[in-house]
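Here the sequence shown stands for residues 1 to 659, numbered as in UniProt numbering.
For every residue, glycine included, the Cβ atom is placed at its ideal position computed from N, Cα and C.
Notes follow once the structure below has been shown.
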Amino acid sequence: MSAVCCQRPCGLRLSQRPCGFSLSLSLSLRANSECEDTLSEVQGAVSVLTSRHTESHRDSFTGSGALMHHEVERPDSFLERFRGPELKEASSRESNAQSLGYPDRVRQRNKSLIPDNCREEQQPNPLSKIWIMDPSADRYYRWLTIIAAPCFYNLMMLVTRACFNELQSTYITLWIVLDYTSDFIYYTDTFVRARTGFLEQGLLVKDDKKLRDKYKSTPQFKWDMISMIPTDLLFLKVGLNYPELRLNRLAKMNRLFEFFDRTETRTSFPNVFRISNLVLYILIIIHWNACIFFAISKTIGFGSDTWVYPNISHPEHGRLARKYIYCLYWSTLTLTTIGETPPPVRDFEYLFVVVDFLIGVLIFATIVGNVGAMISNMNKTRAEFQAKIDSIKQYMQFRKVSKDLEVRVIKWFDYLWTEKKTCDEKEVLKNLPDKLKAEIAINVHLDTLKKVRIFQDCEAGLLIELVLKLQPQVFSPGDYICKKGDIGREMYIIKEGKLAVVADDGVTQFVVLSDGAYFGEISILGIKGSKAGNRRTANIRSIGYSDLFALSKDDLMESLTEYPDAKKALEEKGKAMLMKDNMIDEDVANAGADPRDMEEKIQRLESNIEIIKTKLAKIMAEFTSSQSKIKQRITNIESTVKSVRPEDISEVVADNKTP
1 MSAVCCQRPC
11 GLRLSQRPCG
21 FSLSLSLSLR
31 ANSECEDTLS
41 EVQGAVSVLT
51 SRHTESHRDS
61 FTGSGALMHH
71 EVERPDSFLE
81 RFRGPELKEA
91 SSRESNAQSL
101 GYPDRVRQRN
111 KSLIPDNCRE
121 EQQPNPLSKI
131 WIMDPSADRY
141 YRWLTIIAAP
151 CFYNLMMLVT
161 RACFNELQST
171 YITLWIVLDY
181 TSDFIYYTDT
191 FVRARTGFLE
201 QGLLVKDDKK
211 LRDKYKSTPQ
221 FKWDMISMIP
231 TDLLFLKVGL
241 NYPELRLNRL
251 AKMNRLFEFF
261 DRTETRTSFP
271 NVFRISNLVL
281 YILIIIHWNA
291 CIFFAISKTI
301 GFGSDTWVYP
311 NISHPEHGRL
321 ARKYIYCLYW
331 STLTLTTIGE
341 TPPPVRDFEY
351 LFVVVDFLIG
361 VLIFATIVGN
371 VGAMISNMNK
381 TRAEFQAKID
391 SIKQYMQFRK
401 VSKDLEVRVI
411 KWFDYLWTEK
421 KTCDEKEVLK
431 NLPDKLKAEI
441 AINVHLDTLK
451 KVRIFQDCEA
461 GLLIELVLKL
471 QPQVFSPGDY
481 ICKKGDIGRE
491 MYIIKEGKLA
501 VVADDGVTQF
511 VVLSDGAYFG
521 EISILGIKGS
531 KAGNRRTANI
541 RSIGYSDLFA
551 LSKDDLMESL
561 TEYPDAKKAL
571 EEKGKAMLMK
581 DNMIDEDVAN
591 AGADPRDMEE
601 KIQRLESNIE
611 IIKTKLAKIM
621 AEFTSSQSKI
631 KQRITNIEST
641 VKSVRPEDIS
651 EVVADNKTP
């Protein structure tokens, strides 16, 4: 509800509140929308107050209508419920005035009637107009891909051009185009950073000022400012052959690392990407070291000793390609400590080689550690699966299981590994919140569950409950899923494979069930009067390897406790199916409640009562403990207060009075 500020000459005011009060009232009403009685009283009060105004004061309502005009335009039917007819009429009066051709006079009069502290509410909401980059959106990742290109270009080429003068002077036009293109992307990235949202209390902040303040408070703002210092202006004095003046562009390298981090979380092959990323980092270090070696050789003098780069006056050593490849070769040998290189001669050369050796040791340790960890991680699943097989083999050998059965077990494990069915869904999804678990289960299993005829018209909530309880099972060729006369504790849905309904001899096939078929749904409902009871009525055997979903009776009944109507509907469907097949005793089905069912319900109630008693006892113990702590604190405070002398209080009062 917008704040309506209109004042009568006699002092009667419909509402004159600060803007903060209007906002808090609006939020309060929105938060308590379920309390219809209270809200209707608010609307009635507004209607009574507005009805006191006479026709002579309609102009003031027109001003109020102008104030509420912004609220009227909001597509919020909730707020519309709290406006009396007079306020709606007032809000439409301004639009009528505008259509008659005098909107300026009406708007000017409205502005004079609105208090200063409420005029800000008239301003259009700027949040709907500014452009915001959501850091979790694909668009943000695409922008990271764009900004990573100039970052990588500067990282690799600036030092190369600074050390190899021929490369800089030969392709000067190309470097100018690439440099200023990367600068343009850098400046654009600064704007994008200033408009990149962040989460506050779980919501994406879209306020322009907050975004700017947040960006300015981050360390990256300083680095971005450093990277955008126009050091190129020094080219006007020293010339274009000093690309090292642009080394401040390397201050934006964190964007490249952010791109690598985002890619690692998005790629389907994270281990391969980690290894590639590690190799790239090593190549970058080797590249920089090669360029620095050439720069040192140039400073000391080419060919001045055996350690530096050979004299470039030789045609073979004067080529640009040979210069870079030789330095890269020397850098690789030094950092990886593989092979022999010419020993240093000067003190500075010794220091440089020592630093290179230390860096090489760190690189070698990094390679061994990271590659070992990555390979172990890649083989972790295989190792765990192999450990399971080994333990099963040892058990079967210890128990002297027959060779035929042992072969069947090994083949079953081989099928699981070949078809990539080794992962434990509960173990994989255990770290996800329940909401995401439910969404994944719905996405994977809901269509399968809807194929079951008795569940087709069930509530969505019940289907979601059941989807979370489906358990995948794999059967080998020749395995019996159930036999005639077995107690039915699960129903099955075929995900993949073929099952055969066979005779007692296990060979004669009556019918073949394929993908999407289901069976056993009647036995888990426990329908009264069923001639088969909860026993299986057929032998079902797997023809090949079959993937099934199992839903246990206990899980179904646990879910149905919260959906009594759905339980009745399922039982009615089950009865109809049994009656169609003449598999139900109608007299028993129509009889009263089974005493055993009542006894089972009473037992469940008793167990629930015991659980509640335990929880209450725990709560009472916590309450007693907290109460004793509070009493102890109060006693301490009382003793402290009693120890204060009256003259101490008078001194404190006197000190406060003195200026």
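Please work out which residues of its chain come closer than 8 Å, Cβ to Cβ, to D457, disregarding the five sequence neighbours upstream and downstream, and give them in chain order.
As a first step, residue 457 must be located in the sequence shown, where it is residue number 457. Around D457: A569.
Helix, strand or coil, according to DSSP, for E521 in the structure here?
Counting from 1 along the sequence shown, the entry for residue 521 is found at position 521. In the structure shown, E521 sits in coil (DSSP, three-state: anything other than H, G, I, E or B).
In the DSSP assignment, find the unbroken alpha helix (DSSP H) run with P564 in it and report its ends.
Here residue 564 corresponds to residue number 564 of the sequence shown, with the count starting at 1. Residues 564-580.
So, helix, strand or coil for A352, using DSSP?
Reading the sequence shown from its first residue, position 352 is the one you call residue 352. Correcting the residue type first, residue 352 is Phe in the shown sequence and not Ala. Helix at F352.
Quick check on D179: buried or exposed, where buried means 16 or more other Cβ atoms within 10 Å of its Cβ?
As a first step, residue 179 must be located in the sequence shown, where it is residue number 179. So D179 ends up on the buried side.
Thinking just about the alpha-carbon of each residue, which of V279, F302, I325, F294 is nearest to the one in F364?
Sequence index remark: in the sequence shown, residue 364 carries index 364 (1-based). When only C-alpha atoms are compared, the closest one is V279.
Along the chain, where does the beta strand (DSSP E) containing E496 start, and where does it finish?
Your numbering for residue 496 matches position 496 in the sequence shown. Per DSSP, E496 belongs to the beta strand (DSSP E) from 490-496.
Let me make sure I understand the geometry here. Which of S391, L525, R633, D547 has the alpha-carbon closest to that of T561?
The count along the sequence shown starts at 1 and reaches residue 561 at position 561. The option with the nearest alpha carbon to T561 is L525.
Taking Cβ to Cβ, would you say N254 is nearer than 9 Å to Q168?
By one-based count along the sequence shown, residue 254 stands at place 254. By one-based count along the sequence shown, residue 168 stands at place 168. No, the pair does not count as a contact, with Cβ atoms beyond the cut-off.
I'd like to know whether the C-beta atoms of G488 and S514 end up nearer to each other than 9 Å.
Position 488 of the sequence shown, counted from the start, is the residue given in the question as residue 488. Position 514 of the sequence shown, counted from the start, is the residue given in the question as residue 514. No, the pair does not count as a contact, with Cβ atoms beyond the cut-off.
In the DSSP assignment, find the unbroken alpha helix (DSSP H) run with V512 in it and report its ends.
By one-based count along the sequence shown, residue 512 stands at place 512. First-last for V512: 509-513, but that is the beta strand (DSSP E), not the alpha helix (DSSP H).
Taking 9 Å as the cut-off, decide whether the C-beta atoms of K469 and D555 are in contact.
Taking the first residue of the sequence shown as position 1, residue 469 is located at position 469. Taking the first residue of the sequence shown as position 1, residue 555 is located at position 555. Taking 9 Å as the Cβ cut-off, K469 and D555 qualify as a contacting pair.
Going by CA-CA distance only, name the one from L463, A503, L449, G485 that's closest to Y492.
Walking along the sequence shown from the start, residue 492 turns up at place 492. Nearest C-alpha to Y492: L449.
Distance, Cα to Cα, P243 vs R161?
Taking the sequence shown and counting its residues from 1, one reaches residue 243 at position 243. Taking the sequence shown and counting its residues from 1, one reaches residue 161 at position 161. Spanning the two alpha carbons is a distance of roughly 7 Å.
Just checking my contact of D356 with T334 at CB under 8 Å: how many whole Å lie between their CB atoms?
Within the sequence shown, residue 356 is the residue found at index 356, counting from 1. Within the sequence shown, residue 334 is the residue found at index 334, counting from 1. Correct: roughly 5 Å between the Cβ atoms.
Which term fits F191, buried or exposed, when burial requires 16 or more other beta carbons within 10 angstroms of its beta carbon?
For the purposes of this step, residue 191 is taken as the residue at position 191 of the sequence shown. Classification of F191: exposed, given that the 10 Å Cβ count is below 16.
Taking the CB atoms as reference points, tell me whether R249 and I300 lie closer together than 9 Å.
The count along the sequence shown starts at 1 and reaches residue 249 at position 249. The count along the sequence shown starts at 1 and reaches residue 300 at position 300. Against a cut-off of 9 Å, the Cβ pair of I300 and R249 comes out as no contact.
What is the DSSP secondary structure of M133, counted as helix, strand or coil?
For the purposes of this step, residue 133 is taken as the residue at position 133 of the sequence shown. Strand.
Rounded to the nearest angstrom, what separates T337 and I325 at their Cα positions?
Here residue 337 corresponds to residue number 337 of the sequence shown, with the count starting at 1. Here residue 325 corresponds to residue number 325 of the sequence shown, with the count starting at 1. Cα to Cα, T337 sits roughly 18 Å from I325.
Closer than 9 Å, CB to CB, is E349 near chain C or not?
The question asks about chain C, but that chain is absent: this structure has only one protein chain.
Using DSSP bridges, identify the partner residues of D404.
The residue you call residue 404 lines up with position 404 of the sequence shown. In the DSSP output, where bridge partners are listed per residue, D404 has none listed.
Tell me, please, whether the stretch 380-394 touches the stretch 406-416 by the rule of three or more beta-carbon pairs shorter than 8 Å.
Yes: the two stretches touch, three or more of their Cβ pairs being nearer than 8 Å.
Please state whether the Cβ-Cβ distance between K206 and I132 is less than 9 Å.
Along the sequence shown, read from residue 1 onward, the residue named residue 206 stands at position 206. Along the sequence shown, read from residue 1 onward, the residue named residue 132 stands at position 132. Yes, the pair counts as a contact, with Cβ atoms nearer than the cut-off.
Pick helix, strand or coil for Q394, following the three-state DSSP scheme.
Working through the sequence shown from its first residue, we reach residue 394 at position 394. Helix.
Give the DSSP-derived three-state secondary structure of V238 in the structure shown.
Along the sequence shown, one-based indexing puts residue 238 at 238. In the structure shown, V238 sits in a helix (DSSP, three-state: H, G or I).
Give me the Cβ distance between M374 and I275, rounded to the nearest whole Å; I'm assuming they're in contact under 8 Å.
Here residue 374 corresponds to residue number 374 of the sequence shown, with the count starting at 1. Here residue 275 corresponds to residue number 275 of the sequence shown, with the count starting at 1. At roughly 6 Å, the Cβ-Cβ gap stays under 8 Å, so M374 and I275 are in contact.
Please report the residue range of the alpha helix (DSSP H) in which F293 lies.
By 1-based counting over the sequence shown, the position of residue 293 is 293. It spans 270-300 - the alpha helix (DSSP H) in which F293 sits, taken as one unbroken run.
Could you name the residues of the same chain whose beta carbon sits closer than 8 Å to that of I296, not counting the 5 residues immediately before and after it, in chain order?
For the purposes of this step, residue 296 is taken as residue 296 along the sequence shown, with counting starting at 1. Contacts found: V308, F348, E349, F352.
Look up T170 in the DSSP assignment and say whether it is helix, strand or coil.
Position 170 of the sequence shown holds residue 170. Helix at T170.
How many Å lie between E571 and N443 at the Cα?
Along the sequence shown, one-based indexing puts residue 571 at 571. Along the sequence shown, one-based indexing puts residue 443 at 443. Going from the Cα of E571 to the Cα of N443 covers about 27 Å.
Can you tell me which of C291, K531, I285 puts its alpha carbon nearest to the alpha carbon of L358?
Residue numbering aside, residue 358 sits at position 358 when the sequence shown is read from its first letter. Of the listed residues, the one whose Cα sits closest to L358 is I285.
For I481, does the three-state DSSP call read helix, strand or coil?
To locate residue 481, count along the sequence shown from 1; it is residue 481. In this structure, I481 counts as strand in the three-state DSSP scheme.
In chain order, what residues of the same chain lie with their CB nearer than 8 Å to the CB of I584, ignoring the 5 residues before and after it?
As a first step, residue 584 must be located in the sequence shown, where it is residue number 584. Result list for I584: I527, G529, S530, K531, K575, L578, in chain order.
Would you kindly work out how many angstroms separate the C-alpha atoms of Y171 and A438, rounded to a whole number?
Counted from its first residue, the sequence shown places residue 171 at position 171. Counted from its first residue, the sequence shown places residue 438 at position 438. Those two C-alpha atoms are separated by around 59 Å.
Return the first residue and the last residue of the alpha helix (DSSP H) that V444 is part of.
Working through the sequence shown from its first residue, we reach residue 444 at position 444. Looking at the DSSP string, the run of the alpha helix (DSSP H) that includes V444 is 434-450.
Taking the beta carbon of N110 as the centre, do at least 16 other beta carbons fall within 10 Å, making it buried, or is it exposed?
Indexing the sequence shown from 1 puts residue 110 at position 110. Since pLDDT at N110 reaches only 47, below the 50 mark, its modelled position is unreliable, and the value read off the structure follows with that caveat. Buried, by the Cβ-count rule.
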